[in-house]
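Worksheet for the structure shown next.
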Amino acid sequence: MIIDAAILNMESEDGDYKKRTRLITRIMIPQSIGYALGPYCALQMIFFVTPSLEISQALCAFLAVITLLPVIWNYFPDNPNPNLSLVPDLSGYFEVLKSDNVKLYALLLMMVTGPYTAYDSLLRNSMASSAIRDPNNMHNLFLTLGLTTVFVNAVLLPKLQTIISTQTLLSGSFSVLAGSYLYLAVFHDLIHLFIGMPVQVAAATICIGELSSQLMGAIGKRKAGTAASVLRMSQLAATLLVPFVHGTLVPHHDVVSLCLMSAALSGGAVMLVKKFGSSMVFSSEYLPGFSGKYE
1 MIIDAAILNM
11 ESEDGDYKKR
21 TRLITRIMIP
31 QSIGYALGPY
41 CALQMIFFVT
51 PSLEISQALC
61 AFLAVITLLP
71 VIWNYFPDNP
81 NPNLSLVPDL
91 SGYFEVLKSD
101 NVKLYALLLM
111 MVTGPYTAYD
121 SLLRNSMASS
131 AIRDPNNMHN
141 LFLTLGLTTV
151 FVNAVLLPKL
161 QTIISTQTLL
171 SGSFSVLAGS
181 YLYLAVFHDL
191 IHLFIGMPVQ
201 VAAATICIGE
211 LSSQLMGAIG
221 KRKAGTAASV
231 LRMSQLAATL
241 LVPFVHGTLV
251 PHHDVVSLCL
261 MSAALSGGAV
271 MLVKKFGSSM
281 VFSSEYLPGF
291 SGKYE
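Heads up: the sequence shown at position 11 corresponds to 11 in the UniProt record's numbering, and the numbers run straight through without jumps.
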């Protein structure tokens with residue numbers, strides 16, 4: 001949340017939406033690397049060190065402290081404006097949520113984050129048992145997803161932003177996302193996961209980056225903390241809500257029904273973007289180029 005607020009502080013509400021989107025989506029690159037390396041490191045821990053969950057958790061906590069704190073202390077920028085809050089202002093939530101644009105962007109963000117997170121968690125749980133016997137498949141799959149995210153952020157998204165408006169880009173990405181869920185609902189073999197999931201990850205990455213930028217820009221720089229917290233609360237609410245609804249309707253782990261539900265939500269998001277997304281800002285200034293011209 002603090003990182004999101006710092007990004008909004010770097011690019012004010014009058015700044016370029018495309019550049020802000022790239023800053024937000026760049027955060028997903030180390031996240032994807034972590035998702036790929038995490039299962040691999042966990043299995044190495046089981047095989048070569050200890051199968052104890054408590055020791056693994058303690059090791060993670062220790063590594064987090066010795067790696068994160070020096071980076072935060074030495075490299076995280078100071079707040080240049082003492083009157084600018086980087087933490088949420090609880091009194092301003094209701095005022096912020098009165099905006100129709102904020103409610104629209106938060107709803108769309110929930111519609112992409114919830115299904116994506118639910119499917120990812122269900123797939124990881126289903127692959128965890130087989131990973132101990134044959135870890136290569138799981139490693140290769142999540143490494144592919146991490147490389148896909150890097151490619152989308154470094155090459156594909158900047159290129160698309162130069163030729164497509166935000167509304168068209170979002171509606172197209174949600175359409176591709178719906179198609180990937182339908183594909184994964186029909187085909188379940190490993191080879192089809194290597195086809196469907198990179199497409200799913202690419203579309204979700206674009207949707208999350210664009211919607212996060214629009215949401216933070218709609219709230220404004222002077223309420224950076226509130227904007228970042230609304231962004232994270234939308235994602236957290238969707239992460240909790242979709243599995244709860246699906247688990248209530250389907251009392252067992254059913255990938256097909258989850259994919260169909262996710263495809264329906266993505267299709268509904270396409271209609272919302274087409275009907276209410278005309279207010280999404282499209283700026284031609286400082287178009288981010290992967291050649292580094294505008295860095």
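C-beta: ideal position from N, C-alpha, C; glycine also.
Please read all numbers here as calculations on a predicted model, not as lab measurements.
9 Å Cβ cutoff met for residue i and residue j
i            : j                 : result
valine 255   : alanine 178       : no
leucine 258  : phenylalanine 194 : no
tyrosine 105 : alanine 204       : no
glycine 149  : methionine 280    : First, the amino acid is wrong: residue 149 is threonine here, not glycine. Result no, Cβ atoms of threonine 149 and methionine 280 do not sit closer than 9 Å.
serine 173   : isoleucine 206    : yes
alanine 238  : leucine 123       : no
serine 262   : valine 242        : yes
valine 152   : valine 112        : no
serine 266   : serine 175        : yes
alanine 154  : isoleucine 29     : yes
Rounded straight-line distance, which links the Cα of residue j to that of residue i
i                 : j             : result
alanine 42        : arginine 232  : 27 Å
phenylalanine 282 : leucine 63    : Bear in mind that the predicted position of phenylalanine 282 carries a pLDDT of just 46, short of 50, making it too unreliable to give a figure here.
isoleucine 72     : isoleucine 3  : 11 Å
tyrosine 181      : glutamine 214 : 25 Å
alanine 264       : leucine 107   : 15 Å
glycine 114       : threonine 67  : 30 Å
serine 278        : serine 126    : 41 Å
phenylalanine 48  : tyrosine 40   : 12 Å
serine 52         : alanine 58    : 10 Å
phenylalanine 244 : cysteine 60   : 28 Å
tyrosine 183      : tyrosine 75   : 43 Å
Helix, strand or coil at residue i [DSSP, three-state]
i                 : result
methionine 280    : coil
isoleucine 27     : coil
lysine 98         : coil
aspartate 189     : coil
threonine 162     : helix
proline 115       : helix
valine 201        : helix
serine 52         : coil
phenylalanine 142 : helix
aspartate 254     : coil
phenylalanine 76  : coil
alanine 179       : Note on residue identity: the sequence assigns glycine, not alanine, to residue 179. Three-state DSSP puts glycine 179 in a helix.
Nearest-angstrom Cβ-Cβ length linking residue i and residue j, presumed shorter than 8 Å
i           : j             : result
proline 198 : threonine 144 : 6 Å
glycine 209 : leucine 157   : 7 Å
Assigned exposure category for residue i - 16 Cβ within 10 Å defines buried
i            : result
alanine 95   : Per the sequence presented here, residue 95 reads as glutamate, with alanine not at that position. That one is exposed.
glycine 34   : exposed
alanine 218  : buried
serine 171   : buried
tyrosine 119 : buried
valine 65    : exposed
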